[in-house]
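Student: Using this note's numbering, the first residue of the sequence shown is number 15, and each one after it goes up by one.
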Amino acid sequence: PVDMRADPEKLALCKGDVTDPTSLSAAIDGVSAVISVHGTFHATPLYKLLIPIFWRTHAPLNCEDVTHPYYTNYVAMQDIVSLCEKYDVKKVVRLTGLSCAMPPYHPVSVLFNALLSFSGRYHRMGEEGLRSS
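(1) Any idea if residue 44 is buried or exposed, counting beta-carbon neighbours within 10 angstroms, 16 or more meaning buried?
(2) According to the Cβ coordinates, are residue 132 and residue 84 closer than 9 angstroms?
(3) Consult DSSP for residue 95 and reduce its assignment to one of helix, strand or coil.
(4) Assuming residue 35 contacts residue 79 under a Cβ cut-off of 8 angstroms, what Cβ separation, rounded to an integer in Å, is found between them?
(5) Identify, in the order they occur along the chain, each residue of the same chain with its Cβ nearer than 8 angstroms to the Cβ of residue 57, setting aside the five sequence neighbours on each side.
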């Protein structure tokens, strides 16, 4: 492993908007690795939580809010993976929370998903896309 503290020139912080593929492209072009720490805090009314359960869909119906976890945690990760493939970036690290590694029916996962618009579910789907790339 390379000690980045010894040579700070090898480490650069690039800011990109995960909801804007053009911004992401500019942030990823020319780098050798990506460390993704994005996420969102998005509470959803209870009645909207039932939509993914009863309609068996990944995307929230009639949701154009790009700050929704579907877009920030799942779609954005797909965009990051695609751009890393395009720019031949071989290393991607994704940081998420503890509940993403828990089974979907674990009480913590259920609570977080209920309160935060299925954030954990969409984080997990984004991670699965990264692992399969």
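We put the beta carbon where it would ideally sit given N, CA and C, even for glycine.
These numbers were taken from a predicted model, which means no experiment stands behind them.
Tutor: So, from the data block:
(1) Only exposed fits residue 44, as fewer than 16 other CB atoms lie within 10 angstroms of its CB.
(2) Contact: yes.
(3) Residue 95 sits in a helix when the DSSP states are folded into three classes.
(4) Incorrect: roughly 17 angstroms between the Cβ atoms, too far for contact.
(5) Closer than 8 angstroms at Cβ, skipping near neighbours: 129, 130, 131.
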